[in-house]
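Chemist: First the structure, which I've put down as structure tokens, then a few questions once you've had a look.
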Amino acid sequence: MSALDAQLPTTFDPFAEANADDSGAGSKEYVHIRIQQRNGRKSLTTVQGLKKEFSYNKILKDLKKEFCCNGTVVQDPELGQVIQLQGDQRKNVSAFLVQAGIVKKEHIKIHGF
Amino acid sequence: MAEENTSQMKEEVPELAPFDPTKKKKKKKNVVIQDPADEVDKLAEKTENLTVAESGEPSFAGMKKKKKKPVETDFLNDENGETGEDVVDEQVGEDEEGEGIMLGGTTRYPWEGTDRDYKYEELLGRVFNILRENNPDLAGDRRRTVMRPPQVLREGTKKTVFVNFMDLCKTMHRQPEHVMTFLLAEMGTSGSLDGQQRLVVKGRFAPKNFEGILRRYVNEYVICNGCKSPDTILSKENRLFFLRCEQCGSARSVAPIKAGFVARVGRRKAGT
Numbered sequence: 022m023s024a025l026d027a028q029l030p031t032t033f034d035p036f037a038e039a040n041a042d043d044s045g046a047g048s049k050e051y052v053h054i055r056i057q058q059r060n061g062r063k064s065l066t067t068v069q070g071l072k073k074e075f076s077y078n079k080i081l082k083d084l085k086k087e088f089c090c091n092g093t094v095v096q097d098p099e100l101g102q103v104i105q106l107q108g109d110q111r112k113n114v115s116a117f118l119v120q121a122g123i124v125k126k127e128h129i130k131i132h133g134f
Numbered sequence: 182m183a184e185e186n187t188s189q190m191k192e193e194v195p196e197l198a199p200f201d202p203t204k205k206k207k208k209k210k211n212v213v214i215q216d217p218a219d220e221v222d223k224l225a226e227k228t229e230n231l232t233v234a235e236s237g238e239p240s241f242a243g244m245k246k247k248k249k250k251p252v253e254t255d256f257l258n259d260e261n262g263e264t265g266e267d268v269v270d271e272q273v274g275e276d277e278e279g280e281g282i283m284l285g286g287t288t289r290y291p292w293e294g295t296d297r298d299y300k301y302e303e304l305l306g307r308v309f310n311i312l313r314e315n316n317p318d319l320a321g322d323r324r325r326t327v328m329r330p331p332q333v334l335r336e337g338t339k340k341t342v343f344v345n346f347m348d349l350c351k352t353m354h355r356q357p358e359h360v361m362t363f364l365l366a367e368m369g370t371s372g373s374l375d376g377q378q379r380l381v382v383k384g385r386f387a388p389k390n391f392e393g394i395l396r397r398y399v400n401e402y403v404i405c406n407g408c409k410s411p412d413t414i415l416s417k418e419n420r421l422f423f424l425r426c427e428q429c430g431s432a433r434s435v436a437p438i439k440a441g442f443v444a445r446v447g448r449r450k451a452g453t
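Below, the structure is given as structure tokens:
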């Protein structure tokens, strides 16, 4: 038994790579861009799931400046911080995030019609 | 619109329908409340290619034609009959010297009469032709599942009624609850089924919007990744959703529907 044990390569973990991959590109990594209708022709765009390391306020500031709209960072009890912008900025936001190198394009999910 | 439809299915993120109720508002009133019959007819025309099966990969021959051929060759192909069409296509498309080509009747294969080597594409075309003649099921010509376009009415000014919701659920073989949660999560609103099993959604939405979301639903929760067939079953096994294909037997897990962040819209109570 002990001989068998000695044979087994202990340092090599065959699943290490897979696990690392999972944590890197899991489904949680998606940045969700949603739209929500308000009254009349108004709408809201929400950006959820940006990495925690980023300074939301700085991103927000640039977004606001870029799209000429107002917005806030909302603190949600479950989802953490969410950026909220006025108007339908879905395309703009995704283009901006990709171009600024904050998120990769395949990690952005745009919701809503 | 029409060409958009065909291509849209493939993309993960389809072209966004611009959210622009403005247009609707400025047009005359009778446009806002669409005459349902008329609208549906139009939609039916337009969305004949809201197909499920076709989505991922067009049939073999079609794809090749699009990629390789210059436009003029298509005319030639139309003239001659079904047999050997693809082979002839190949010839016209690829062999620039092409003197041995008799369209249609006499020579069936481009290499007949010459002593050159067969080209891979030609042989491939030949195989598929034979396959198509003898065994159409295997040749990759799929029957297309056509979904009816969504019929949408406005109820009052703030609610939208999705009339043939149940029909669509049945054609997709999905639980209405599941489809409903997906639709509502994507649109970021609330809604419910009414007495006649129609879906009533809060907010104004055009039929096109529903269509886009349904497309995404079909891509994500109906179509089999392996064989692109819509003949699948969604089952829940210890809290995880699995999609099992009836055609090829493959299974994959699908993400549960999450509503995500929904901002507070509308009036707040004085207390908060």
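The listed protein sequences derive, respectively, from chains Y and Z. Read in our numbering, the first sequence has 98 at position 77, and its numbers run on one by one without any break. Read in our numbering, the second sequence has 203 at position 22, and its numbers run on one by one without any break. No residue lacks a Cβ here, since even glycine has one placed at the ideal position from N, Cα and C. Small disclaimer: the values here were computed from a predicted structure and weren't measured.
(1) How big is the Cα-Cα spacing for Leu349/Z and Lys86/Y?
(2) Bridge partners for Leu65/Y per DSSP, in chain order?
(3) Within the same chain, show all residues whose beta-carbon is closer than 7 angstroms to that of Ile131/Y, passing over the 5 residues directly before and after it, in chain order.
(4) Please report the Cβ distance between Phe134/Y and Ile394/Z, rounded to the nearest whole angstrom; I am assuming they are in contact, meaning their Cβ atoms lie under 8 angstroms.
(5) Going along the chain, which unbroken runs of the beta strand (DSSP E) with 3 or more residues stay wholly within the region 353–434 of chain Z?
(6) Output yes or no for whether 8 angstroms exceeds the beta carbon distance between Met368/Z and Phe343/Z.
(7) Taking DSSP as the reference, what is the three-state secondary structure of Gln120/Y?
(8) If you draw a straight line from the alpha carbon of Asp97/Y to that of Lys72/Y, how long is it in whole angstroms?
(9) In this structure, does DSSP put Glu226/Z in helix, strand or coil?
(10) List the residues of chain Y that Ile394/Z touches, going by C-beta distances under 7 angstroms, in chain order.
(11) One question on the structure: do Pro331/Z and Pro388/Z come within less than 8 angstroms of each other, judged by their Cβ atoms?
(12) Enumerated in chain order, which unbroken segments of the alpha helix (DSSP H) with a length of 4 residues or greater are wholly contained in the region 71–101 of chain Y?
(13) Quick check: the Cα distance between Tyr301/Z and Cys408/Z, rounded to an integer number of angstroms?
(14) Give the residues of chain Y in contact with Thr370/Z, contact being defined as C-beta atoms less than 9 angstroms apart.
(15) Just to confirm the assignment, what range does the beta strand (DSSP E) spanning Val308/Z have?
(16) Could you check whether Leu374/Z and Leu365/Z sit closer than 8 angstroms to each other, using their CB atoms as the reference points?
(17) What residues in the region 423–444 of chain Z bring their beta carbon closer than 8 angstroms to a beta carbon of chain A?
Modeler: So, to answer that:
(1) Rounded to the nearest angstrom, the gap between the Cα atoms of Leu349/Z and Lys86/Y is 43 angstroms.
(2) According to DSSP, Leu65/Y bridges with Gln57/Y and Gln107/Y.
(3) These residues qualify, in order along the chain: Ile54, Arg111 and Ser115.
(4) Correct: roughly 6 angstroms between the Cβ atoms.
(5) Counting only runs of 3+ residues, the beta strand (DSSP E) found wholly inside the region 353–434 of chain Z occupies 372–374, 380–383, 413–418 and 421–426, in chain order.
(6) No, these two residues do not count as a Cβ contact at 8 angstroms.
(7) Note: Gln120/Y maps to helix in three-state DSSP.
(8) Near 15 angstroms, if we compare the C-alpha coordinates of Lys72/Y and Asp97/Y.
(9) Its pLDDT being 49, under 50, Glu226/Z is placed unreliably in this model, and the value from its coordinates should be taken loosely. Looking at Glu226/Z - three-state DSSP - the assignment turns out to be helix.
(10) Simply Phe134.
(11) Yes; because the gap between Cβ atoms is below 8 angstroms, this pair is in contact.
(12) Whole alpha helix (DSSP H) segments, 4+ residues: 77–88.
(13) Put simply, the backbone Cα of Tyr301/Z is about 24 angstroms away from that of Cys408/Z.
(14) Counting only Cβ-Cβ distances below 9 angstroms, Thr370/Z has contacts in chain Y at Gln57 and Gln58, in chain order.
(15) Counting along the chain, Val308/Z falls outside any beta strand (DSSP E), though it belongs to the alpha helix (DSSP H) covering Tyr301 to Asn315.
(16) No Cβ-Cβ contact shorter than 8 angstroms links Leu365/Z with Leu374/Z.
(17) Structure shown: chain A not included; protein chains present are Y and Z.
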